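First up is the structure itself, then whatever we jot down about it.
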Amino acid sequence: MNRITTALLAALEALLVVAIGIGIAMVPLTVLWAAHFGLSVEWFVFWRAAADIWLLGNGVDLTVQLGPDVAAALGLAGADTPFLISVVPLGFAMLSVLMGVHTGRRAAETPHRWTGVGVAVGTYAILAALVTLSAVSKTVAPNQLQGLLLPTLVYAAGVLVGAELGRRKAAGAVEGLDRVSRGIRSWYQRMPQTTRTVIEGALRGGTAAAAGVLIVSAVAVTALIALNYATIIGLYEAVQAGVFGGATITLAQLALIPNLVIWAAAWFVGPGIALGVGTTVSPIGTVVGTLPGLPLFGALPQGTPAYGFLGLLVPVLLGFILAVVTRQFLDRRGAPERTSLEHVLTGLGMGVVGGALLGLLAWWSAGAMGPGRLALVGPNPLLVGALAAAEIGVAAALGMLAGRVRLPSVRAAKR
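Quick note, the sequence shown lines up with residues 12 to 426 if you use my numbering.
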């Protein structure tokens, strides 16, 4: 495949990614325009709405200025002044990253990898800029600088990861490294072996602990939706949005599912989440006022859970168990004997890595969802990160010490 063909295919893939992302919102809005409004409203109103949703899903803040009648109908304090919407529906960002990984892998299969990567990211940047400029209206205005940068950065992250994975698959884990990567690898290998073992254990174990908390959270969210299905359906009926309006609300809620999983993780860690100023949803109780008008919030736990404090054991148990598994894994790889201090440092490192990951996800999932009280929605990222680091780190340090008993097969192999 020559360079021009590689560039054209990369540009086409970038165009398809943008089209799919906007189309997810555009299709139901267009059907709503035709079926409910009878084509009487200007179509570009719905185009701008779809563009705003896509931009918001890629991290771009929206400033909203409602008309007097609409603001009065909402009955929320501050609705008559410009307010911010910054809660990112992470489903759109996940889609951009995953499709970017596919683009990067495709580029890595050609002799002109960097041409494909550069053209794909450049085309995406141009399209994101055009979408940002076309989305401005008197009612909703996306942040122009964020619109020019953030969607492209989200997609570029996926493209670069995909290109690296594709290159390693094609050329081998070491041979496929570029000069910078080989330099980093060489610097890392010059470290003492025990130091490398501590770092490797912290990264592997901490990432596994964060992933474990998210998996448990996803199961919990699924269970809550199933158990409160009747309440959610009742809220759908109360909204009276009709078939097409209900479909649009459902798509919006699907884009928020990753947020709900991260919020559930914040609940298990301890701080919980806020659904407005002065509200809290945590293991010690739920205190909420006026909620955002999404039926999915009917799945929230009510009152004080009888055994809510048991949720705090999730990161602790995962930290301990995964630390034991991590130590056994490192021992199987022939790592040298390590002191108790080095085991403790590995466990604390697991806490730092796991806390940092969960804190970053909490930060990305939180923001403003409306005027007044709804200016604060989601978890406190600093509290989530700090408490997760402490819970996972202390438990992992104990797990690393408790895992000093080697498996018989490992002892036999070392004899």
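C-beta: ideal position from N, C-alpha, C; glycine also. Predicted model only: the values in this text are computed from it and were never measured.
What would DSSP say about residue i, mapped onto helix, strand or coil?
i, result
"Val298", "strand"
"Gly283", "coil"
"Ser97", "coil"
"Leu387", "coil"
"Val327", "helix"
"Gly70", "coil"
"Ser293", "strand"
"Gly314", "coil"
"Gly223", "helix"
"Val336", "helix"
"Val75", "strand"
"Leu27", "helix"
"Gly381", "coil"
"Gln204", "helix"
"Glu402", "helix"
"Val288", "coil"
With C-beta atoms as the reference, is residue i less than 8 Å away from residue j?
i, j, result
"Ala427", "Ile268", "In this structure the chain extends from 12 to 426, so residue 427 is not present and cannot be described."
"Leu262", "Pro294", "no"
"Gly365", "Ala221", "yes"
"Val280", "Pro326", "yes"
"Gly410", "Phe331", "yes"
"Met380", "Pro316", "no"
"Thr17", "Gly127", "yes"
"Gly129", "Gly177", "no"
"Pro282", "Leu141", "no"
"Leu359", "Gly396", "no"
"Ala131", "Ala118", "yes"
"Leu138", "Leu20", "no"
"Lys149", "Gln76", "yes"
Let's test the definition: count the other Cβ atoms within 10 Å of the Cβ of residue i and tell me whether it reaches 16, buried, or not, exposed.
i, result
"Tyr318", "exposed"
"Ile453", "One cannot answer for residue 453 here, as it falls past the ends of the chain, which runs 12 to 426."
"Glu53", "exposed"
"Ser145", "exposed"
"Glu175", "buried"
"Ile35", "buried"
"Pro122", "exposed"
"Thr92", "exposed"
"Phe320", "exposed"
Between residue i and residue j, what straight-line distance do the alpha-carbon atoms span, to the nearest angstrom?
i, j, result
"Glu120", "Val112", "13 Å"
"Thr74", "Gly256", "23 Å"
"Leu246", "Val232", "18 Å"
"Leu329", "Thr290", "29 Å"
"Val227", "Glu353", "29 Å"
"Pro392", "Ser97", "15 Å"
Quick check for students: name the residue ranges of the beta strand (DSSP E) that lie wholly in the region 149 to 181, counting only runs of 3 or more. You should have 151 to 153.
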